[in-house]
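If you read the sequences in order, they're chains V and Y. Counting in the working numbering, the first sequence runs from 1 upward without gaps. Counting in the working numbering, the second sequence runs from 1 upward without gaps. Where a beta carbon is used, it is the ideal one built from N, C-alpha and C, also for glycine.
Number of protein chains: 2
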Amino acid sequence: MKNEVLIKSLYRNSEEYLSKDIVISGWIRTLRASNAFGFIEVNDGSFFKNVQVVFDNNLENFKYVSKLPISSSIKVIGTLVATPDAKQPFEIQAKEIVIEGMSSSDYPLQKKRHTFEYLRTIAHLRPRSNAFSAVFRVRSVAAYAIHKFFQDQGFVYTNTPILTGSDCEGAGEMFRVTTLDLHNTPKTEEGNIDYKEDFFGKETNLTVSGQLNAECYALAFRNVYTFGPTFRAENSNTARHAAEFWMVEPEIAFADLQDDMELAEGMLKYVIKYVMDECPEEMAFFNQFIEKGLLDKLNHIVTSDFGKVTYTEAVEMLKNCGKTFEYPVEWGIDLQTEHERYLTEEIFKKPVFVTDYPKDIKAFYMRLNDDGKTVAATDCLVPGIGEIIGGSQREERLDVLKARMAELELKEEDYWWYLELRKYGETKHAGFGLGFERLIMYITGMSNIRDVIPFPRTTGQSDF
Amino acid sequence: MKNEVLIKSLYRNSEEYLSKDIVISGWIRTLRASNAFGFIEVNDGSFFKNVQVVFDNNLENFKYVSKLPISSSIKVIGTLVATPDAKQPFEIQAKEIVIEGMSSSDYPLQKKRHTFEYLRTIAHLRPRSNAFSAVFRVRSVAAYAIHKFFQDQGFVYTNTPILTGSDCEGAGEMFRVTTLDLHNTPKTEEGNIDYKEDFFGKETNLTVSGQLNAECYALAFRNVYTFGPTFRAENSNTARHAAEFWMVEPEIAFADLQDDMELAEGMLKYVIKYVMDECPEEMAFFNQFIEKGLLDKLNHIVTSDFGKVTYTEAVEMLKNCGKTFEYPVEWGIDLQTEHERYLTEEIFKKPVFVTDYPKDIKAFYMRLNDDGKTVAATDCLVPGIGEIIGGSQREERLDVLKARMAELELKEEDYWWYLELRKYGETKHAGFGLGFERLIMYITGMSNIRDVIPFPRTTGQSDF
């Protein structure tokens with residue numbers, strides 16, 4: 001219909017529509033009617049807020065309207081009128097209300113507050129609630145901000161493969177992908193599974209990281225990024241782990257660990273600021289109902305210069321800070337969340353990059369420092385969460401990389417193409433990985449990863 | 001380094017740098033040296049074109065430079081000088097050339113032309129070639145254009161799940177995802193595979209489409225889109241099929257088939273124009289070396305009003321056109337590529353939407369027309385390729401949808417949440433699917449899908 005307008009436009013450009021006849025379509029969020037007037041809060045999904053529709057309950061053509069169940073879809077033809085004395089800035093005085101789809105009265109999302117746990121069982125309906133409409137619009141806007149940040153600087157978006165015959169770095173438990181008949185798997189003469197019969201002719205898994213592939217493209221395009229799903233078949237039932245999640249992995253050539261940290265800091269600040277600018281209504285909601293102080297926390301991130309400290313220095317700080325940790329701190333340990341949070345929240349009071357970790361707790365491809373004991377890795381720690389980004393400069397020296405692989409008993413033939421990147425014009429290069437859902441949890445204050453993924457997949461859970 | 005500059009900036013803002021000292025880093029594409037001078041074509045991945053570096057071959061500090069193998073990485077410090085009499089607009093007169101990574105002399109991408117088939121065997125290096133650097137930059141820019149097109153209109157980007165316990169619509173053969181021990185799969189008492197022991201506690205596959213999940217979100221946010229990987233385990237070894245590919249699936253509420261076609265036409269024109277505007281050098285390359293007439297073809301798409309014809313009319317046209325097709329045309333058949341191409345290339349001479357297909361050749365969720373025989377589906381056909389987009393209005397009437405599912409023997413309990421969308425405030429809604437790689441093939445003129453995916457996965461092929 002030609003003069004149909006989105007509710008977002010009513011709020012953003014109300015002058016254009018005030019005192020004019022307009023048409024909106026949407027779903028009923030609330031409805032109350034007296035003998036004289038009826039009031040409907042309509043939401044059309046384009047905007048966090050509803051618009052109030054007023055109708056004359058005495059008129060014949062509104063006869064059925066006051067009996068409509070919540071969530072019915074309607075089209076409203078009426079006049080937009082300013083309401084200077086009311087809470088909302090304007091309302092629509094209805095001339096006609098067309099019922100498009102009458103909802104059943106057992107609609108599960110009635111006005112009373114539901115637990116997030118319950119709402120997960122109706123994942124197909126929960127985006128219609130305030131909290132989840134805010135979460136998933138913010139997720140969308142944040143995803144776009146990530147693309148915009150990189151594309152504006154000429155980074156090439158690289159779709160690295162989901163199905164992979166290599167297991168990257170042993171970064172985590174992998175899902176097997178197969179078309180074999182599981183009732184009757186073909187066997188070789190030695191009694192092993194005969195993967196020659198499988199779709200790809202060999203063992204194939206779901207990727208845990210696109211990094212090694214992204215490195216190939218960074219050595220062609222200089223600056224690239226991936227943004228796609230990755231998988232872990234880890235049997236961990238926590239609020240921070242999902243079997244399927246999205247990762248952002250930029251990779252930059254002619255760049256070292258300093259450049260990498262600069263990029264990570266710039267990206268975090270850009271995305272957080274972009275979301276706060278584009279979604280003020282959603283962010284105010286989170287600040288009020290989900291995490292008190294959220295906006296202060298995020299503004300602090302955007303305006304701080306992130307700190308930098310080496311792992312070795314950080315370990316000394318933690319040992320001397322007077323606090324007793326559950327896991328004692330010793331040089332060589334993998335820092336735990338309690339250590340990370342103490343560093344960023346208590347010692348630095350702002351985000352901090354910890355650099356130069358012991359090589360034994362980090363992956364084979366990280367660049368060995370001159371001390372022979374540490375690698376040019378960094379984790380970015382932020383208040384309230386601990387690690388949000390992990391990155392490193394990559395080992396570009398073929399001999400050093402081969403020696404490290406031998407130490408870890410990785411087979412060179414499995415990585416022939418990765419090694420060739422070091423043979424044909426290697427450069428220093430670096431990159432990092434950001435778990436996208438962790439970022440969305442951070443920005444929204446939502447505390448369970450299941451509540452920032454539209455249809456989450458976790459141990460025992462793949463419904464919808 | 002502070003005054004380091006990307007080659008793209010040299011071309012786009014050359015005035016800023018002319019006659020100034022600059023630093024660039026990149027890889028040697030070609031190198032030739034006489035006794036007096038040496039000439040290096042350097043590419044840094046930021047831009048399709050190289051920049052020429054000239055050095056004085058007599059000077060001691062360039063002693064090793066003239067012997068560098070192709071693909072070595074270097075840093076060049078020098079002055080950008082205009083070259084009004086030469087083919088290229090400027091060159092860098094080198095003061096210093098630092099060797100960062102010396103390539104091995106057996107670098108496989110020497111200047112001679114290689115077949116695309118050969119280049120697939122070195123997928124880690126092929127983005128360094130002209131053709132593939134153009135293809136994969138265009139792929140990145142087109143992906144961004146898709147996001148921008150939808151986000152500018154307030155569409156919510158929805159990440160639908162990759163791992164799924166439902167098989168959507170039987171749209172294609174699926175990959176099984178499992179963590180079971182394939183040597184020794186657990187069995188139930190009846191001798192079936194005991195999926196209770198598997199990671200998700202039931203059979204799980206890789207998605208073939210996010211549509212059903214996207215519909216849930218369209219009925220909350222009104223306008224949404226997906227953009228992510230999808231999978232087909234079909235054993236087809238063609239130039240147009242891959243086991244892993246990316247799909248774009250918008251879904252719009254309060255919208256019918258006409259709105260759907262308008263959206264599809266707008267999106268195609270927007271993305272094609274955006275790529276032509278942003279990547280003129282790449283597009284000129286494709287036009288010259290990959291598909292003669294490509295730019296004319298694409299300009300024609302951007303400026304045409306797409307045609308519209310019903311399936312029934314189209315069948316009549318094909319039957320009466322005087323051409324003999326390999327597959328004879330009869331009402332009820334699924335149109336073949338030869339028919340589709342004849343329609344768009346010979347009859348309409350522009351893109352055309354064919355609408356209202358027989359229900360028996362279309363999916364269960366498509367809206368039944370009043371004739372009881374056809375559904376509100378559409379395929380968008382474009383010259384040179386045939387179908388590029390398939391869409392439909394969705395069946396929003398619960399009783400009609402259930403009847404159709406019963407006809408096809410689909411179990412209601414498998415689709416309980418999908419059916420509930422029709423119970424709690426249904427609206428007319430519609431959507432379409434675009435195979436992203438098909439679009440990239442169309443825009444670049446590349447004729448094999450393996451050459452528009454960084455690391456393609458096809459039957460028997462999951463290397464890298």
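Just the chain V side, please: which residues come within less than 7 angstroms of residue i by C-beta, in chain order?
i: Ser209(Y); result: Going along chain V, no residue has its Cβ under 7 angstroms from Ser209(Y), so there is no contact; the nearest lies around 14 angstroms.
i: Gly425(Y); result: Trp27, Ser71, Ser72, Ser73, Gly101 and Ser103
i: Gln151(Y); result: Tyr144
i: His241(Y); result: Within 7 angstroms Cβ-Cβ: nothing; His241(Y) doesn't reach chain V, min ~13 angstroms.
i: Phe254(Y); result: Ser25
Identify the residues that DSSP records as bridge partners of residue i: which are they?
i: Ala142(Y); result: Ala142(Y) pairs with nothing; no bridge assigned.
i: Phe90(V); result: Ala82(V)
i: Glu409(V); result: Answer is none; Glu409(V) lacks a bridge partner.
i: Asn213(Y); result: BP columns for Asn213(Y) are empty, so no partner.
i: Lys308(V); result: Phe353(V)
i: Leu381(Y); result: Val352(Y) and Glu387(Y)
i: Ser41(V); result: The sequence given here places Glu at residue 41(V); Ser does not occur at that position. Answer by DSSP bridge pairing, in chain order: Thr30(V) and Gln52(V).
i: Asp474(Y); result: For chain Y, the structure presents residues 1 to 464; residue 474(Y) sits outside this window and is missing.
i: Ala430(V); result: Ile252(V) and Gln393(V)
Starting from the beta carbon of residue i, find every residue of chain V whose beta carbon is closer than 8 angstroms, and list them in chain order.
i: Glu396(Y); result: Gly101
i: Lys202(Y); result: Ser462
i: Arg137(Y); result: Val156 and Phe221
i: Ile193(Y); result: Leu182 and His183
i: Asp44(Y); result: Arg222 and Phe254
i: Glu262(Y); result: Chain V residues near Glu262(Y): none, gap ~13 angstroms exceeds 8 angstroms.
i: Thr160(Y); result: Pro454 and Phe455
i: Pro127(Y); result: Cys216, Tyr217, Ala220 and Phe221
What I want to know is whether the C-beta of residue i ends up closer than 8 angstroms to one or more non-hydrogen atoms of the ligand FMN.
i: His183(V); result: Ligands in the displayed structure: none, and consequently the ligand FMN is not present.
Let me know if residue i comes out buried or exposed under the rule of 16 or more other beta-carbons within 10 Å of its beta-carbon.
i: Ala131(Y); result: buried
i: Arg12(Y); result: exposed
i: Leu219(V); result: buried
i: Ser34(V); result: exposed
i: Val141(V); result: buried
i: Thr303(V); result: exposed
i: Tyr327(V); result: exposed
i: Glu4(Y); result: exposed
i: Ser73(V); result: buried
i: Asn299(Y); result: exposed
i: Trp246(Y); result: buried
i: Thr230(Y); result: buried
i: Arg113(V); result: exposed
i: Arg128(Y); result: buried
i: Thr164(Y); result: buried
i: Phe353(Y); result: buried
Please compile the residues from chain Y whose C-beta is within a distance smaller than 7 angstroms of the C-beta of residue i.
i: His124(V); result: Cys216, Trp417, Glu420 and Leu421
Would you mind telling me which residues of chain B sit closer than 9 angstroms to residue i, beta carbon to beta carbon, in chain order?
i: Ser236(Y); result: Of the protein chains in the structure, V and Y, none is chain B.
Compute the beta-carbon to beta-carbon distance between residue i and residue j, rounded to the nearest angstrom, for a pair I have assumed lies under 8 angstroms.
i: Leu263(V); j: Ile252(V); result: 6 angstroms
i: Met446(Y); j: Ile290(Y); result: 6 angstroms
i: Ala377(V); j: Thr344(V); result: With a Cβ gap of about 17 angstroms, Ala377(V) and Thr344(V) do not count as contacting.
i: Phe200(V); j: Gly460(Y); result: 6 angstroms
i: Val382(V); j: Tyr311(V); result: Their Cβ separation, rounded to whole angstroms, is 17 angstroms, which puts Val382(V) and Tyr311(V) out of contact at 8 angstroms.
i: Phe348(V); j: Pro250(V); result: Contact doesn't hold; Cβ gap of about 24 angstroms is too wide.
i: Phe464(V); j: Val177(Y); result: Rounded, the Cβ-Cβ distance is 16 angstroms, inconsistent with contact.
i: Gly38(V); j: Ser9(V); result: Actually they are not in contact, since the Cβ atoms of Gly38(V) and Ser9(V) sit about 24 angstroms apart, beyond 8 angstroms.
i: Phe306(Y); j: Glu340(Y); result: Wrong, their Cβ atoms sit about 14 angstroms apart, outside the cutoff.
Going along chain Y in order, which residues have a C-beta closer than 9 angstroms to the C-beta of residue i?
i: Tyr107(V); result: Lys423, Tyr424 and Gly425
i: Leu176(V); result: Reading off the sequence shown, one finds Arg at residue 176(V), where the question assumed Leu. Going along chain Y in sequence order, the residues near Arg176(V) (Cβ under 9 angstroms) are Arg176, Val177, Thr178, Thr179, Leu180 and Leu182.
So with CB distances below 8 angstroms, who are the chain Y contacts of residue i?
i: Glu164(V); result: A small fix is needed here, since residue 164(V) is Thr in this sequence, not Glu. Those within 8 angstroms of Thr164(V) in chain Y are Ser462.
i: Ala233(V); result: Thr179 and Phe199
With a threshold of 8 angstroms, are at least 3 pairs of Cβ atoms found where one atom belongs to the region 13–29 of chain Y and the other to the region 77–85 of chain Y?
yes
Inter-stretch contact (C-beta, 8 angstroms, three-pair minimum) for the region 141–150 of chain Y and the region 200–208 of chain V
no
Between the region 428–443 of chain Y and the region 109–119 of chain V, can you find at least three pairs of beta-carbon atoms closer than 8 angstroms?
The region 109–119 of chain V makes no contact with the region 428–443 of chain Y, as fewer than three CB pairs between them are under 8 angstroms.
Any contact of the region 388–396 of chain V with the region 424–432 of chain V, i.e. 3+ C-beta pairs under 8 angstroms?
yes
Should the region 224–240 of chain Y be called in touch with the region 396–409 of chain Y, which here means at least 3 C-beta pairs below 8 angstroms?
no
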